[in-house]
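Trainee: This structure is in structure tokens; I'll ask about it shortly.
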Amino acid sequence: GFIGSGGDVVPPASVSVSEAKARCDTMARCRGITYHGDNRSAGENKVYFKMDSGVEDSDGWSSWVKVAKIEPPIANISVGGSSNLQLLLRKDFYTVQNLSRRGELWSFTRPLDDKSALPMSALLGDMTIRLRSVGDA
């Protein structure tokens, strides 16, 4: 199958499938690749680097969609005092993985999955977090 037209991250390139997968992995906006050929195609193919991951059935086309393992948060920080907000930070980058109220089954961010516009990212919008030590008034 193929990933539909439009939504190209970069112009198509004539590369091997393995090289295209490696390139896509280095681009945060790249969700997958699509090319005319099958999974056994040797040599170079004209490969399209796509922001979308919806694969449509089509003879003669193949696609690969990026997936990532979601790691448990590295830090869980209580914020907001009586609001019971908890901020979960992602391993390695300390970016926001989740912002929710402790003990409730909802979140300000949707769960991280492979459907995000940027793989493994959740958009919170503009947010300022002020931290202070417990002894500060």
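The sequence shown begins at -7 in our numbering and counts up one residue at a time.
Yeah, the Cβ is synthetic: ideal placement off N, Cα and C, and Gly gets one too.
#1: Just to confirm, are S10 and Y27 a CB contact at a threshold of 8 Å?
#2: So V88 packs on L81, CB below 8 Å; how close in whole Å?
#3: Between L97 and the ligand NAD, is the CB less than 7 Å from at least one heavy atom?
#4: Quick check: the Cα distance between Q78 and L97, rounded to an integer number of angstroms?
#5: Hey, which unbroken runs of the beta strand (DSSP E) at 3 residues or more fall wholly within the stretch 12 to 93?
#6: Count the other CB atoms, across all protein chains shown, that sit within 10 Å of the CB of G(-4); report buried if there are 16 or more and exposed otherwise.
#7: Please list the terminal residues of the continuous beta strand (DSSP E) segment that includes S99.
#8: With a threshold of 6 Å on Cβ separation, who are the neighbours of M43 within its own chain once the five nearest residues in sequence on each side are excluded?
#9: I think V39 touches P4, with their Cβ atoms under 8 Å apart; what is that distance to the nearest whole Å?
Mentor: So, from the data block:
#1: To locate residue 10, count along the sequence shown from 1; it is residue 18. To locate residue 27, count along the sequence shown from 1; it is residue 35. The answer is no: Cβ separation not under 8 Å.
#2: In the sequence shown, the residue the question calls residue 88 occupies position 96. In the sequence shown, the residue the question calls residue 81 occupies position 89. Indeed, because the Cβ distance is near 7 Å, the residues count as touching under 8 Å.
#3: Within the structure as shown, the ligand NAD is missing, as the structure has no ligands at all.
#4: By 1-based counting over the sequence shown, the position of residue 78 is 86. By 1-based counting over the sequence shown, the position of residue 97 is 105. Each residue's Cα considered, the two are about 12 Å apart.
#5: 24 to 28, 37 to 42, 53 to 57, 67 to 71, 77 to 81, 88 to 93
#6: To locate residue -4, count along the sequence shown from 1; it is residue 4. Flag for G(-4) reads exposed.
#7: Counted from its first residue, the sequence shown places residue 99 at position 107. Per DSSP, S99 belongs to no beta strand (DSSP E) and is neither H nor E.
#8: Numbered from its first residue, the sequence shown carries residue 43 at position 51. These residues qualify, in order along the chain: G(-1), V1, R21, R23.
#9: As a position in the sequence shown, residue 39 is number 47, starting the count at 1. As a position in the sequence shown, residue 4 is number 12, starting the count at 1. Confirmed, about 6 Å.
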